[in-house]
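Number of protein chains: 2
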Amino acid sequence: MTPDTHVDAETALDHAGPGHKDDLRLWLRLLSCARLIEAEIRRRLRVRFDTTLPRFDFLAQLERAPDGLTPGDISRRMMVTGGNVTGLAARLEEEGLIERRAVREDRRAVTLRLTPAGRREFARQSAAHEEWVAELLGGLSATDRAALLRLLDRTRRGVRAAISEGGA
Amino acid sequence: MTPDTHVDAETALDHAGPGHKDDLRLWLRLLSCARLIEAEIRRRLRVRFDTTLPRFDFLAQLERAPDGLTPGDISRRMMVTGGNVTGLAARLEEEGLIERRAVREDRRAVTLRLTPAGRREFARQSAAHEEWVAELLGGLSATDRAALLRLLDRTRRGVRAAISEGGA
DNA sequence: CCGAAATCCTTTAGGCTTCAAGGATCATGG
DNA sequence: CCATGATCCTTGAAGCCTAAAGGATTTCGG
Numbered sequence: 021m022t023p024d025t026h027v028d029a030e031t032a033l034d035h036a037g038p039g040h041k042d043d044l045r046l047w048l049r050l051l052s053c054a055r056l057i058e059a060e061i062r063r064r065l066r067v068r069f070d071t072t073l074p075r076f077d078f079l080a081q082l083e084r085a086p087d088g089l090t091p092g093d094i095s096r097r098m099m100v101t102g103g104n105v106t107g108l109a110a111r112l113e114e115e116g117l118i119e120r121r122a123v124r125e126d127r128r129a130v131t132l133r134l135t136p137a138g139r140r141e142f143a144r145q146s147a148a149h150e151e152w153v154a155e156l157l158g159g160l161s162a163t164d165r166a167a168l169l170r171l172l173d174r175t176r177r178g179v180r181a182a183i184s185e186g187g188a
Numbered sequence: 021m022t023p024d025t026h027v028d029a030e031t032a033l034d035h036a037g038p039g040h041k042d043d044l045r046l047w048l049r050l051l052s053c054a055r056l057i058e059a060e061i062r063r064r065l066r067v068r069f070d071t072t073l074p075r076f077d078f079l080a081q082l083e084r085a086p087d088g089l090t091p092g093d094i095s096r097r098m099m100v101t102g103g104n105v106t107g108l109a110a111r112l113e114e115e116g117l118i119e120r121r122a123v124r125e126d127r128r129a130v131t132l133r134l135t136p137a138g139r140r141e142f143a144r145q146s147a148a149h150e151e152w153v154a155e156l157l158g159g160l161s162a163t164d165r166a167a168l169l170r171l172l173d174r175t176r177r178g179v180r181a182a183i184s185e186g187g188a
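These protein sequences, in sequence, are chains A and B. Per my numbering, the first sequence runs over residues 21 to 188. Per my numbering, the second sequence runs over residues 21 to 188.
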């Protein structure tokens, strides 16, 4: 409100160097880019397969694990909470796409695996999904793609480092 | 099912060039990168301010519009549905961070604006948010930042073009 | 052996998000 | 004027997601 406050806010940013504002721009652009693609993929999954991205990701995890996974495994791989997995699994089982099986060695646990119908359905969805992504990213040159891949890898590593430092 | 079908599926991918799989990798990396940052920011907003990203974004929109915005405006700017805005606005109003005001010229509409408390609260959150982003992205060199910004811009334009073509 | 702690999964409450439907108001063409 | 259609916002149903608490089982130290 007062002039002093106003100046302080600005100088605080200036002292922190030019990176502050640039980083915000970079993050907002990264976010909008990811959201744009994600929203389109969600839309197409809904329109063409009457499903959702979490369901698709769930089936993708099981597809890669022929022997099945426990809810805990899926929770860790999808980076979501256990309660979330319980709900998704209930609906997918209800639709006959996955099945539950008791684990002999541990009566607390259960393994989830694709049913034949689930495997078939995921194959259809997966092929379309791959085409969509190629279509959406098709505008980039091979050079740009490679550069972007490398930069994103560096970004991710940097972010992970920052999180584990700060989180310690 | 039949051998022919199987071959067709594979050749279809091959004909599309090596970009298919690469694009998928690129998309997954972009997504994991964005989600990593977003999850950390959501976590900090919750822990330190007991709030959420949608609420923060909502206040940010109002902060930039001193004269207030209608739910429709916010819906468009945040790229979410109107019903979503209704619910967020109800909770933010309940907490005294925003206020509703009738519009004289149009009795269907209403303008939402920050209360003084809302403006104060957002200032706190916004400053912290900016620091967090700088901290998380701080590992990147100036060169990488600039390159990434440019590549993401190209990506976004390409995706938008692909969507508007396909969506026509 | 046995009790405490850890692990596994589920449940519950609450917030976020969408789609679809509905009520109120405005604008327009007849 | 007024009926029709458009626009604005809200509501309702359903799915996604989290944090926190709870029940069942396993593990492990004593």
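Cβ coordinates follow ideal geometry from the N, Cα and C atoms, glycine included. Since the structure is predicted, the reported quantities are computational estimates derived from the model, not experimental observations.
Same chain, Cβ closer than 8 Å to residue i, neighbours up to 5 away in sequence not counted
| i | result |
| --- | --- |
| residue 148 (chain A) | 64, 68 and 69 |
| residue 90 (chain B) | 123, 129, 130, 131 and 132 |
| residue 160 (chain B) | 168 |
| residue 106 (chain A) | 91 |
Chain-ordered chain B contacts of residue i [CB-CB under 8 Å]
| i | result |
| --- | --- |
| residue 52 (chain A) | 176 |
| residue 167 (chain A) | 167 and 171 |
| residue 56 (chain A) | 176, 179, 180 and 183 |
Any chain A beta carbon closer than 8 Å to residue i
| i | result |
| --- | --- |
| residue 83 (chain B) | no |
Under 8 Å from the C-beta of residue i: neighbouring residues of chain A
| i | result |
| --- | --- |
| residue 80 (chain B) | Neighbours of residue 80 (chain B) on chain A: none; closest Cβ ~10 Å, over 8 Å. |
| residue 49 (chain B) | 169, 172, 173 and 176 |
Residue-level contact to chain B via CB, residue i, 8 Å cutoff
| i | result |
| --- | --- |
| residue 94 (chain A) | no |
| residue 120 (chain A) | no |
| residue 60 (chain A) | yes |
| residue 108 (chain A) | no |
Listed by chain order, chain A residues near residue i by CB distance under 7 Å
| i | result |
| --- | --- |
| residue 182 (chain B) | 155, 156, 158 and 159 |
Among the options, nearest to residue i - alpha-carbon criterion
| i | options | result |
| --- | --- | --- |
| residue 168 (chain A) | A:53, A:40, A:42 and A:45 | A:53 |
| residue 49 (chain A) | B:184, B:183 and B:177 | B:177 |
| residue 45 (chain B) | A:72, A:88 and A:157 | A:157 |
| residue 81 (chain A) | A:182, A:121, A:110 and A:139 | A:139 |
| residue 183 (chain B) | A:96, A:85, A:56 and A:162 | A:56 |
| residue 42 (chain B) | A:175, A:164, A:88 and A:61 | A:164 |
| residue 84 (chain B) | B:143, B:185 and B:162 | B:143 |
Nonlocal neighbours in the same chain, by C-beta distance under 7 Å from residue i, ignoring five residues either side
| i | result |
| --- | --- |
| residue 119 (chain B) | 113, 133 and 135 |
| residue 141 (chain B) | 117 |
| residue 74 (chain B) | 108 |
| residue 77 (chain B) | 98 |
For residue i, the first and last residue of its enclosing beta strand (DSSP E)
| i | result |
| --- | --- |
| residue 132 (chain A) | 130-134 |
| residue 121 (chain B) | 118-122 |
Within chain B, partners of residue i - CB distance below 7 Å
| i | result |
| --- | --- |
| residue 164 (chain A) | 171 and 174 |
| residue 150 (chain A) | 40 and 44 |
Endpoints, the alpha helix (DSSP H) within which residue i is located
| i | result |
| --- | --- |
| residue 114 (chain A) | 102-114 |
| residue 161 (chain B) | Counting along the chain, residue 161 (chain B) falls outside any alpha helix (DSSP H), and DSSP gives it neither H nor E. |
| residue 125 (chain B) | From DSSP, residue 125 (chain B) is part of no alpha helix (DSSP H); its letter is neither H nor E. |
| residue 79 (chain A) | 73-83 |
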